[in-house]
Amino acid sequence: MAYDRVMDIIKHPREPLGEAEAAPVQAVQGAVSFQNVAFEYERGLPVLKGVSFDVRPGQVVALMGATGSGKTTVINLLMRFYEHSGGDITLDGVDIRQYPRDFLRRNIGVVEQEPFLFSRTIRENITYGVGRAVSDEEVYAAARAAAVHHVIESFPLGYNTLVGERGVTLSGGQKQRVAIARTLLKNPRILILDDATSSVDSETEAAIRDAVKQLLPGRTAFIIAHRVQTVMNADQILVFDNGQIVQAGTHASLLDAPDGFYRRIFDMQSRIDDEVEKEVGS
Ligand SMILES: Nc1ncnc2c1ncn2[C@@H]1O[C@H](COP(=O)(O)OP(=O)(O)OP(=O)(O)O)[C@@H](O)[C@H]1O
Ligand SMILES: [Mg+2]
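When we follow this note's numbering, the leftmost residue of the sequence shown carries the number 71, and every step to the right adds one.
Structure representation (structure tokens):
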């Protein structure tokens, strides 16, 4: 079964079936707008409550906020895994519902919170869904940029190593880097990284952060992260709480709000980093 079909079944139980999808579509520029967007997965339990933001093509937007505050849900709506129930979502000024789902999924690359790899070779996992023939050199370059090439080369079968039950088990961080390599090859106009560094050690996190930097230029990017270090260079930082945006701005402007969530997180993480440094130094 094709990867997309598997993901459809796993992830999109609520997608309406049989909908006519025939919009004329030109190349994506990457402007994304949410205006007063509302959504609930279950009736009577609002998850997004009037979310508004505007992203210009090429901007990097960071989404922060407590677990369950609605960050991944924003992405689910942008990808049309679910349909919003109120407000407007537009891509390049056009209602998102005008775009065929497969078009959105071709043009928006997502590195998910828990990337899904299937039981094939690493090379097949990296090249899946790219939609064109790719040379070995391109695959290696993507894997190098994603800081996973040396790991793959350390396996006796290299890129032909099977992943999953009958092959190697990759760690969370390695899976994410394979997913980053796949996204690099796909070269999407809009890039989404959902918590891409949450489950890895700090050395791996730094490697992934470098890999991500290679992905950013010229694209609109959404980065969902918990660490200030990961989001501080974003053009906009949106702080979510309980389905609403409670703070929005740049690193500098958000630090100026002494009682804000962002300032508190920054102070807390700086303190932890200092302590770790002391610990290592002594
Ligand atoms: N498929 C779903 N069905 C029902 N409720 C859901 C579903 N996915 C998420 N929720 C609920 O919606 C709310 C927002 O979830 P969401 O995944 O957007 O949070 P998040 O900000 O991404 O959190 P995290 O930082 O833990 O990833 C939560 O209360 C969650 O329990
Ligand atoms: Mg999430």
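The beta-carbon is built from N, C-alpha and C at its ideal position, and this holds for glycine as well.
Keep in mind it's a predicted model, so treat the numbers as computed, not measured.
Mapping the DSSP letters down to three states, classify residue i as helix, strand or coil.
| i | result |
| --- | --- |
| GLU89 | Residue confidence for GLU89 is low, a pLDDT of 48 falling below 50, so the modelled location carries little weight; the figure read from the coordinates is stated next. Coil. |
| VAL301 | helix |
| PRO83 | Note that PRO83 scores a pLDDT of 47, beneath 50, so its modelled location is shaky; the value from the coordinates is reported in the next line. Looking at PRO83 - three-state DSSP - the assignment turns out to be coil, as it is neither helix nor strand. |
| ASN195 | helix |
| MET71 | Residue placement at MET71 is poorly supported in this model, since its pLDDT is 48, which falls under 50; the coordinates still yield a value, given next. Looking at MET71 - three-state DSSP - the assignment turns out to be coil, as it is neither helix nor strand. |
| GLU345 | helix |
| MET134 | strand |
| ASN106 | strand |
| GLN183 | coil |
| LEU115 | strand |
| ALA101 | coil |
| LEU261 | strand |
| LEU232 | strand |
| PHE336 | helix |
| GLY140 | coil |
| THR239 | coil |
| ALA216 | coil |
| ALA327 | coil |
| LEU174 | helix |
| LEU286 | coil |
| ASP162 | coil |
| ALA295 | coil |
Just mark residue i as buried or exposed, buried being the case when its beta carbon has 16 or more other beta carbons within 10 Å.
| i | result |
| --- | --- |
| MET134 | buried |
| ARG334 | exposed |
| GLU347 | exposed |
| THR197 | buried |
| ILE342 | exposed |
| PRO226 | exposed |
| PRO258 | buried |
| PRO185 | buried |
| GLY179 | buried |
| THR143 | buried |
| GLY243 | buried |
| ASN106 | exposed |
| ALA203 | exposed |
| ALA97 | exposed |
| VAL181 | buried |
| THR300 | buried |
| TYR332 | buried |
Is residue i close to ligand 4? I mean its beta-carbon at under 7 Å from any heavy atom of the ligand.
| i | result |
| --- | --- |
| ASP264 | This structure simply doesn't include ligand 4; it includes ligand 1 and ligand 2 instead. |
Spatial neighbours of residue i within its chain, please: C-beta separation below 6 Å, excluding the five flanking residues on both sides.
| i | result |
| --- | --- |
| ASN230 | THR191 |
| ILE294 | LEU133, LYS141, ASP264, ASP265 |
| ASP311 | GLY135, SER139 |
| GLN183 | ASP264, ASP265 |
| GLN339 | VAL298 |
| ILE166 | ILE159 |
| VAL350 | none |
| LEU87 | Model confidence at LEU87 stands at a pLDDT of 44, short of 50, so the residue's coordinates are unreliable; what they give is reported in the following sentence. Nothing meets the Cβ criterion. |
| LEU261 | GLY179, LEU285, ARG289, ALA291 |
| GLN306 | VAL131 |
With a CB to CB cut of under 8 Å and the five nearest residues on each side skipped, what residues in its chain are close to residue i?
| i | result |
| --- | --- |
| LEU11 | Past the edges of the chain, shown from 71 to 352, lies residue 11, and the structure says nothing about it. |
| VAL200 | ARG252, LEU255, LYS256 |
| ILE315 | VAL121, SER122, PHE123, LEU308, VAL309 |
| ASP280 | ALA217 |
Near residue i, what residues of its chain come up, given a Cβ to Cβ distance below 7 Å and the 5 sequence neighbours on each side ignored?
| i | result |
| --- | --- |
| ALA108 | PRO116, LEU118, LYS119, GLY120, HIS154, SER155, GLY156, GLY157 |
| ARG126 | ALA101 |
| SER193 | Note that residue 193 corresponds to Arg in the displayed sequence, not to Ser. So the qualifying residues of the chain are VAL209, TYR229, ASN230. |
| ALA213 | ILE196, HIS219, ILE222, ALA251 |
Taking any heavy atom of ligand 1 as the mark, which residues have a C-beta closer than 5 Å to it, listed down the chain? The set of residues whose C-beta lies within less than 5 Å of a heavy atom of ligand 1 reads, in chain order, TYR111, VAL117, THR137, GLY138, SER139, GLY140, LYS141, THR142, THR143.
Quick one: any contact between the segment 165 to 175 and the segment 322 to 331, if contact means 3 or more CB pairs under 8 Å? With the rule of 3 Cβ pairs closer than 8 Å, the segment 165 to 175 does not count as touching the segment 322 to 331.
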